[in-house]
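Listed in order, the protein sequences are those of chains A, B and C.
For the first sequence, our numbering assigns the number 398 to the last residue and increments by one with no breaks.
For the second sequence, our numbering assigns the number 398 to the last residue and increments by one with no breaks.
For the third sequence, our numbering assigns the number 398 to the last residue and increments by one with no breaks.
Each residue gets a CB set at the ideal place from its N, CA and C atoms; glycine is no exception.
Keep in mind the model is a prediction, meaning the values are calculated, not measured.
Structure, as structure tokens:
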Amino acid sequence: MKRFTIKELASAIGGTPVGDASLSFSGAAEPQTATNDQLAVATHPKYVARLAEGSAQAALLSEGVDWADLGLKAAILIKRPKLGMGHMSRLMDQRWRQGQTGIHSTAQIDPSAQVGSGATIGAFCVIGSDVVIGENAWIGPHTIIEHGTRIGAHATLLARVTIGKDVRIGDRFVAHSGAVIGADGFSFVTPEPSGVEKARQSLGDQGDVTAQSWMRVHSLGSVTIGDDVEVGANTCIDRGTIRDTVIGNGCKFDNLAQIGHNVVIGDDSLICAQVGIAGSSHIGRNVVLGGQTGISDNTRVGDNVITGGATKVLANVPAGRVMLGYPAIKMDQQLEIHRLLRRLPRIVKDLTASKKPIPNDD
Amino acid sequence: MKRFTIKELASAIGGTPVGDASLSFSGAAEPQTATNDQLAVATHPKYVARLAEGSAQAALLSEGVDWADLGLKAAILIKRPKLGMGHMSRLMDQRWRQGQTGIHSTAQIDPSAQVGSGATIGAFCVIGSDVVIGENAWIGPHTIIEHGTRIGAHATLLARVTIGKDVRIGDRFVAHSGAVIGADGFSFVTPEPSGVEKARQSLGDQGDVTAQSWMRVHSLGSVTIGDDVEVGANTCIDRGTIRDTVIGNGCKFDNLAQIGHNVVIGDDSLICAQVGIAGSSHIGRNVVLGGQTGISDNTRVGDNVITGGATKVLANVPAGRVMLGYPAIKMDQQLEIHRLLRRLPRIVKDLTASKKPIPNDD
Amino acid sequence: MKRFTIKELASAIGGTPVGDASLSFSGAAEPQTATNDQLAVATHPKYVARLAEGSAQAALLSEGVDWADLGLKAAILIKRPKLGMGHMSRLMDQRWRQGQTGIHSTAQIDPSAQVGSGATIGAFCVIGSDVVIGENAWIGPHTIIEHGTRIGAHATLLARVTIGKDVRIGDRFVAHSGAVIGADGFSFVTPEPSGVEKARQSLGDQGDVTAQSWMRVHSLGSVTIGDDVEVGANTCIDRGTIRDTVIGNGCKFDNLAQIGHNVVIGDDSLICAQVGIAGSSHIGRNVVLGGQTGISDNTRVGDNVITGGATKVLANVPAGRVMLGYPAIKMDQQLEIHRLLRRLPRIVKDLTASKKPIPNDD
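Structure, rendered in structure tokens:
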């Protein structure tokens, strides 16, 4: 197992080594649990006090923390320890892509597929016709890539990923187990206008209802994904109806998220776990959707929007807004409403004290 | 690649060809992006103006649109373009079921299993004992079908589907990657009544709590699914406890939905992405549950009910209702409450202006 | 197919046999559908009347029910029929672990892996280096277990489970199809503080926004899971950043749940379907999180807490609380607020009748 010195770590992450820079470690840990063979990581000055609970000899600390007082033999000082931790984690992750190399004998690769140099293809993979996989890809076992799909260089598909037909993916793509990219969109149509179509127009009244069967609309579009995208475990990105679903460069998706057909997401957006984005919605650049956020279909969410956990967006959101709640409104307004709601029984009681009783129309 | 003429498309979808009916296309596209080799599809008259942004020579249009004014060489006029699009998409999807034929040499098929004539079974499939698969089925790679399960004719399991033991499925079944049908229901019991059982009775008070371990209740029931059902990627339909979970004919499930044990769903219901239906609930016919809808356990949702996105149904819903919100109430009422909530800070301030201050009891 | 007598069932589940204890059955069913070859199970006295609709000759009943009046030939009387049903279901589930035995010839098992005696490993499994699997494990087809992972004795992995590297799992582990344990945590960092970091500090204002790219923080921790844990279909439990994600003994997870990096869950907690627990949160012992519950990151939920369906926990919850709603508050308070909200239009109208009109500031 490789070991890491203060000197080499500081250099790799852009920090300043202080104390005994030759001290070496097998890994990193939180301040309270770090052993004397681990570098303690305090991503915020408030965690520094916890060093006393562990037995670290050295720590990654914010610039300005008085390391000499902490009984350490060495430290790395850095302006933004969170960022330092990111760089360091990449260096220390010796298990990333470990466990297989080369093309496994059990992989089923269509003769027309092109696999780039240095690529690894795991056991029981199925690679369809005309697939193109870039150089230095690492495709974990049980991955299925259907015909006509192209994946750029340096992809890491950790295990058991399904990528449908004719998908286009950029460089440095990462996907986790159970991700499904390019399943058919959920699009069905009834012979006559359905109750849903009527209820949308009337905002709640579906009029007379006749039971109808649903006819499948096949997805003729596919999915286009930029560079540096990461897709979490069991997350689904559906193909488009007559154009592609489009994911910008640098987007990151957590687990169990659902991206509907025809959705467009701008660069560098972050989609947390269990988020659902319904069909044909547009999400801007640099957007952050908190866990369990829902976005209605055909909705526009502007650049730099942030939603808090479980926010349900039922209407367009202008750029730059921080949103919360169901339905989504600006976070500060929502927090004020939440405060009032908790006091609502008291408020109503107080206001009605001098009036006639409120009728109960439940 | 097959090409399609205006004449043959119009005939196939029940529309009226106008202009040069011999014009042919490689596919379809939205009005603003259609090339001169694609048929533009305007599913609503409001999209017609966008034809000017693209370079389509022909379009699928609503009856009544004045196609001659649009600079097109031809068009197909149809009463309900959405429906025409559905029919056309089926015709144009030349990649549907493409990529494999016959029984793959790596598939593990139990000798007692019966596979219908014309069926395709993909690489690395595992087909258990006494399984029966109907004629003309197309089973994608990595699919697992456990012992005793029967699937009707013309099934399309796109890739990596898991179907548990003793499941009964009708004809024309479609399932996407990662779907799990017939996993065990989530049913556990404590030696003494649990806090949940007490809190349900008291609506919020669980009384004295003693920590207890949970004992597994095995699922002795299975899953019964009708004809023409489609199940999305990573969706789960659990088996029943001592009877089957039952899915009616014509039901369609989007991705990442959860259908609990003993649930019964009537014919032609549409279950959108990330919906959760808890154990033993009954959903009627022709119901539409919007994305992220939740249905409590042991709840009855009547025929033709529609729920908006993220609606949380905590009590029975009569037939025909359009519901929204958490907790679910009628959509028009909920929208009125949403409007009042946004104004609540102002209303409270205004009403209390002439009164003593509201006490803060947070 | 094995048959079960009243005598042996009563003895196995700790109930009292009455009537003809030699009567035997092929299985169990609900009162209204039970045939004369099935034992009817009435888990509550209110279901007893439904026996008249079926044709059961015998039933599992609560102590105190007057079985002689019901036209039955025999019965098993028990204090807690739900518990009896649990015990009986285990006995009757003759299909549990059925379908394969031994090490399948197609399984790829690294020579350094240790597989315990009596273990079954299904078709197309991939078992990495230094993996240790305990005795009598039953590993269904298509399961992937990455290098360095240890699983205790008597594990049942039903089919197609993915377990990442260096995971530690106790005895009697159960996992369903599509479960992913030990995917990388969702942790990304920007060069400068992101809009999210700023909005958290200000509770809603992200200040000036500069678009930034996200850098991956690799997960150096893994997952530690206790004894007697069960994980549902397509559920994800992510690995920790620089320490393990920890799941206590006896925890049960339904389908499609998401457990983020660094989360700690105490013993005997029940996590229902589609629950999401964000990174670094602590969940106590004997907690029950209802379906679609969301827990914000870095949040503490005390022992014995219960949340109703779709509860969204945005702040710490003291031990023993029963919570509901978004944001989560005590269930009884929330139900009172729900009642007031439904009457809000009337209340506001009534209160403002004698005042000047409420300004509309939508």
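Can you tell me which of Arg208/B, Ser213/B and Val353/B puts its alpha carbon nearest to the alpha carbon of Ala155/B? In the second sequence, counting from the first residue as 1, residue 155/B sits at position 119. Looking at the Cα atoms, Arg208/B is the closest of the given residues.
Beta-carbon gap between Met124/A and Ile49/A smaller than 9 Å: Here residue 124/A refers to the residue found at position 88 of the first sequence. Here residue 49/A refers to the residue found at position 13 of the first sequence. Going by C-beta atoms, Met124/A is nearer than 9 Å to Ile49/A.
Given a threshold of 16 other Cβ atoms within 10 Å of its Cβ, counted over all protein chains shown, does Pro117/A qualify as buried or as exposed? In the first sequence, residue 117/A corresponds to position 81, counting from 1. Burial call: buried.
State yes or no: is the C-beta of Arg275/A within less than 9 Å of the C-beta of Val203/A? What you label residue 275/A is simply residue 239 of the first sequence in a count that begins at 1. What you label residue 203/A is simply residue 167 of the first sequence in a count that begins at 1. Result yes, Cβ atoms of Arg275/A and Val203/A sit closer than 9 Å.
The stretch 220-234 of chain B contacting the stretch 294-306 of chain B, beta-carbon criterion three pairs below 8 Å: Yes: the two stretches touch, three or more of their Cβ pairs being nearer than 8 Å.
Output the boundary residues of the beta strand (DSSP E) element that contains Pro229/C. Sequence index remark: in the third sequence, residue 229/C carries index 193 (1-based). Unbroken run through Pro229/C: none, as it is neither H nor E.
Secondary structure at Glu266/B, three-state DSSP: helix, strand or coil? The count along the second sequence starts at 1 and reaches residue 266/B at position 230. The answer is strand: DSSP assigns Glu266/B an E or B state.
Taking the straight line between their C-alpha atoms, what separation do you get for Asp368/B and Leu380/C? Residue numbering aside, residue 368/B sits at position 332 when the second sequence is read from its first letter. Residue numbering aside, residue 380/C sits at position 344 when the third sequence is read from its first letter. Using only the alpha carbons, I get a separation of about 14 Å.
Burial state of Met37/C, where buried means 16 or more other Cβ atoms lie within 10 Å: Position 1 of the third sequence, counted from the start, is the residue given in the question as residue 37/C. Exposed, by the Cβ-count rule.
If you draw a straight line from the C-alpha of Pro227/A to the C-alpha of Asp129/A, how long is it? As a first step, residue 227/A is located in the first sequence; it is residue number 191 there, counting from the start. As a first step, residue 129/A is located in the first sequence; it is residue number 93 there, counting from the start. Cα to Cα, Pro227/A sits roughly 55 Å from Asp129/A.
Per-residue burial, Leu239/C [other beta carbons within 10 Å of its own, 16 or more giving buried]: Counting from one through the third sequence, the residue named residue 239/C turns up at place 203. A residue is called buried once 16 or more other Cβ atoms fall within 10 Å of its Cβ, and Leu239/C, having fewer, is exposed.
For Pro147/B, which option in Ala159/B, Gly138/B, Gln134/B and Val168/B has the closest C-alpha, if you only look at C-alpha atoms? The residue given as residue 147/B occupies position 111 in the second sequence. Minimum Cα distance to Pro147/B is reached at Val168/B.
Pro67/A, DSSP secondary structure in three states: Walking along the first sequence from the start, residue 67/A turns up at place 31. Pro67/A falls in the coil class under three-state DSSP.
Measure the C-alpha to C-alpha separation of Ser258/B and Val232/B and round it to an integer number of angstroms. Within the second sequence, numbered from 1, the residue matching residue 258/B stands at position 222. Within the second sequence, numbered from 1, the residue matching residue 232/B stands at position 196. Answer to the nearest angstrom: the Cα atoms are 26 Å apart.
Is it a yes or a no for the stretch 325-334 of chain C touching the stretch 347-357 of chain C, going by three-plus beta-carbon pairs under 8 Å? They touch, by the three-pair rule.
Quick check for students: name the residue ranges of the alpha helix (DSSP H) that lie wholly in the stretch 122-191 of chain B, counting only runs of 4 or more. As far as the stretch 122-191 of chain B is concerned, it has no whole alpha helix (DSSP H) run of at least 4 residues.
Return the first residue and the last residue of the beta strand (DSSP E) that Gln74/C is part of. In the third sequence, the residue the question calls residue 74/C occupies position 38. Gln74 to Val77 is the extent of the beta strand (DSSP E) around Gln74/C.
Might you give, ordered along the chain, the residues of its own chain that have their beta carbon closer than 6 Å to the beta carbon of Pro67/A, omitting 5 neighbours on each side? Along the first sequence, one-based indexing puts residue 67/A at 31. Once the five neighbours on either side are set aside, the close Cβ partners of Pro67/A are Ala76, Ala78, Tyr83, Arg86, Leu87 and Gly90.
N-terminal and C-terminal residue of the beta strand (DSSP E) that Ser47/B is part of: Residue numbering aside, residue 47/B sits at position 11 when the second sequence is read from its first letter. Ser47/B -> not in any beta strand (DSSP E); alpha helix (DSSP H) instead, spanning Ile42 to Ile49.
Is Asp398/A helix, strand or coil when you go by DSSP? Working through the first sequence from its first residue, we reach residue 398/A at position 362. Legend: pLDDT at Asp398/A = 48, less than 50; position of this residue unreliable, value from coordinates given subsequently. Three-state DSSP puts Asp398/A in coil, outside helix and strand.
So which residues of chain D does Glu266/B contact, with C-beta pairs closer than 7 Å? Judged by its chain identifiers, the structure shown contains no chain D, and its protein chains are A, B and C.
Please list the partners that His254/B has in chain A, where partner means a Cβ-to-Cβ separation under 8 Å. For this step, residue 254/B is matched to residue 218 along the second sequence. Within 8 Å Cβ-Cβ: nothing; His254/B doesn't reach chain A, min ~25 Å.
Checking 9 Å against the spacing of the C-beta atoms, do Trp132/B and Thr179/B come in under that value? Along the second sequence, read from residue 1 onward, the residue named residue 132/B stands at position 96. Along the second sequence, read from residue 1 onward, the residue named residue 179/B stands at position 143. Not closer than 9 Å, so no.
Contact check, Ala195/B vs Pro177/B, beta carbons under 9 Å: Numbered from its first residue, the second sequence carries residue 195/B at position 159. Numbered from its first residue, the second sequence carries residue 177/B at position 141. A contact, by the Cβ cut-off of 9 Å.
Reducing DSSP to helix, strand and coil, say where Gly218/B ends up. In the second sequence, counting from the first residue as 1, residue 218/B sits at position 182. In this structure, Gly218/B counts as strand in the three-state DSSP scheme.
Asn72/C classed as buried or exposed, judged by whether at least 16 other C-beta atoms fall within 10 angstroms: By one-based count along the third sequence, residue 72/C stands at place 36. Exposed.
According to DSSP, Gln294/A sits in a beta bridge with which residue or residues? Position 258 of the first sequence, counted from the first residue, corresponds to residue 294/A. DSSP, once it has assigned bridges, lists Cys272/A and Gly312/A as partnering Gln294/A.
I'd like the list of long-range same chain contacts for Gln74/B, defined as Cβ closer than 8 Å, with 5 residues on each side in sequence excluded. Indexing the second sequence from 1 puts residue 74/B at position 38. Counting only Cβ-Cβ distances below 8 Å, and skipping sequence neighbours, we find Phe61, Ser62, Gly63, Ala64, Ala65 and Ala92.
Is Pro53/B helix, strand or coil by DSSP? As a first step, residue 53/B must be located in the second sequence, where it is residue number 17. DSSP places Pro53/B in strand when its eight states are reduced to three.
Would Gly338/A and Ala309/A qualify as a contact pair, given that the criterion is a beta-carbon distance under 9 Å? Taking the first sequence and counting its residues from 1, the one referred to as residue 338/A is at position 302. Taking the first sequence and counting its residues from 1, the one referred to as residue 309/A is at position 273. In this structure, Ala309/A does not lie closer than 9 Å to Gly338/A by Cβ.
Range of the contiguous alpha helix (DSSP H) that encloses Leu387/C: Locating residue 387/C in the third sequence gives position 351, where the first residue counts as 1. Element bounds for Leu387/C: Met367 to Thr388.
If we call anything under 9 Å between Cβ atoms a contact, is Thr388/C one with Leu371/B? As a first step, residue 388/C must be located in the third sequence, where it is residue number 352. As a first step, residue 371/B must be located in the second sequence, where it is residue number 335. In this structure, the beta-carbon distance from Thr388/C to Leu371/B does not fall below 9 Å.
Helix, strand or coil: which one does DSSP assign to Gly90/B? As a first step, residue 90/B must be located in the second sequence, where it is residue number 54. In the three-state DSSP reduction, Gly90/B falls in the coil class, being neither helix nor strand.
For Leu119/C versus Trp103/C, is the C-beta distance shorter than 9 Å? On the third sequence, residue 119/C is found 83 positions in, with the first residue counted as 1. On the third sequence, residue 103/C is found 67 positions in, with the first residue counted as 1. Their beta carbons are not under 9 Å apart, which means Leu119/C does not touch Trp103/C by this criterion.
Cut-off 6 Å between Cβ atoms - residues of its own chain near Ser165/C, not counting five sequence neighbours on either side: Looking up residue 165/C in the third sequence gives position 129. Contacts found: Asp146, Ser148 and His183.
Please work out which residues of its chain come closer than 8 Å, Cβ to Cβ, to Asn172/C, disregarding the five sequence neighbours upstream and downstream, and give them in chain order. As a position in the third sequence, residue 172/C is number 136, starting the count at 1. Annotation for Asn172/C: Gly152, Ser153, Gly154, Ala155, Ala189 and His190 place their beta carbon closer than 8 Å to its own, counting only its chain and skipping 5 residues before and after.
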